[in-house]
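Asks: Take 659 as the starting number for the sequence shown in our numbering and just add one per residue. Think of the CB as a built atom: it goes at the ideal place given N, C-alpha and C, for glycine as much as any other residue. Got a structure for you, questions after.
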Amino acid sequence: MSTSIQKPIDSFLLRVEADRSFWQYFNLSESEAMGLARQRARNYLQEAIALLILNCSPEPGLFEMDAELGVFVNDLTDVEVYILGSLMFEAYLTRDIAKLKTMNVNFTATDLRVFDPSNARSTFMDMYRAVQAENRLLLDSYRNTDRLTGSFKSIDYASYDDGGEA
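Dropping the structure here:
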């Protein structure tokens, strides 16, 4: 069985549905804009998969994709789909950090008296850090549970006991 790559992409798109900057495509039809948004989301999906593999060492080939069919070769759990969507959102936010550095350049001295970009930067960074912290918790939980049963992994120390005395 397989999972469509649209599942984590849709999870991500739900997180950015209110973000106008993600959806601003000029001189494109609605279907062209949605196609471009989905292509951007595929790039974020690749980054999310890399982060998940680097942090959790899942089974080899678990996130292998068939690009022609637009599916993961293996069946993903709902938790894996959620984690991928969350990591995609973090990757999306990471792009905006570069924009923060240039924010002062766009304002005049008069504008700066009315609008303080440092407040906007700190608010954004607080949100970004909160997303990162949530993702770290998700990855820690995923790393320490069986992906199919959801039960926590543990070491059976009794199996290491040889039963003999030293």
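Can you grab the Cα-Cα spacing for the pair residue 664 / residue 726, in whole Å?
Replies: For the purposes of this step, residue 664 is taken as residue 6 along the sequence shown, with counting starting at 1. For the purposes of this step, residue 726 is taken as residue 68 along the sequence shown, with counting starting at 1. Residue 664 and residue 726: Cα-Cα distance of roughly 13 Å.
Asks: State the start and end residues of the unbroken alpha helix (DSSP H) segment that holds residue 668.
Replies: Counted from its first residue, the sequence shown places residue 668 at position 10. 664–673 is the span of the alpha helix (DSSP H), which, as asked, contains residue 668.
Asks: Looking at the strands, I want to know which residues DSSP matches up with residue 730.
Replies: Within the sequence shown, numbered from 1, the residue matching residue 730 stands at position 72. 661, 723, per the DSSP bridge assignment.
Asks: Please name the residue, chosen from 798, 746, 674, that lies closest to residue 808 on a Cα-to-Cα basis.
Replies: For this step, residue 808 is matched to residue 150 along the sequence shown. Ranking the options by Cα distance to residue 808, first place goes to 798.
Asks: Starting from residue 698, follow the alpha helix (DSSP H) in both directions and report where the run begins and ends.
Replies: Residue mapping note: residue 698 aligns to position 40 of the sequence shown, counting from 1. Run containing residue 698: 688–714, per the alpha helix (DSSP H) assignment.
Asks: Quick one, which of 728, 741, 697 has its alpha-carbon nearest residue 801's?
Replies: Start at 1 with the first residue of the sequence shown, and residue 801 comes out as number 143. Taking only the C-alpha atoms, the option nearest residue 801 is 741.
Asks: Rounding to the nearest angstrom, what Cα-Cα distance links residue 677 and residue 691 in this structure?
Replies: Reading the sequence shown from its first residue, position 19 is the one you call residue 677. Reading the sequence shown from its first residue, position 33 is the one you call residue 691. The alpha-carbon atoms of residue 677 and residue 691 are separated by roughly 14 Å.
Asks: Would you mind stating whether residue 660 and residue 732 have Cβ atoms separated by less than 8 Å?
Replies: For the purposes of this step, residue 660 is taken as residue 2 along the sequence shown, with counting starting at 1. For the purposes of this step, residue 732 is taken as residue 74 along the sequence shown, with counting starting at 1. Yes, the pair counts as a contact, with Cβ atoms nearer than the cut-off.
Asks: Suppose you measure from the CA of residue 813 to the CA of residue 803; what does that come to, to the nearest Å?
Replies: What you label residue 813 is simply residue 155 of the sequence shown in a count that begins at 1. What you label residue 803 is simply residue 145 of the sequence shown in a count that begins at 1. Between residue 813 and residue 803, the C-alpha separation is close to 12 Å.
Asks: Just list the residues that DSSP pairs residue 782 with in beta bridges.
Replies: The residue you call residue 782 lines up with position 124 of the sequence shown. For residue 782, which the question treats as bridged, DSSP gives no partner whatsoever.
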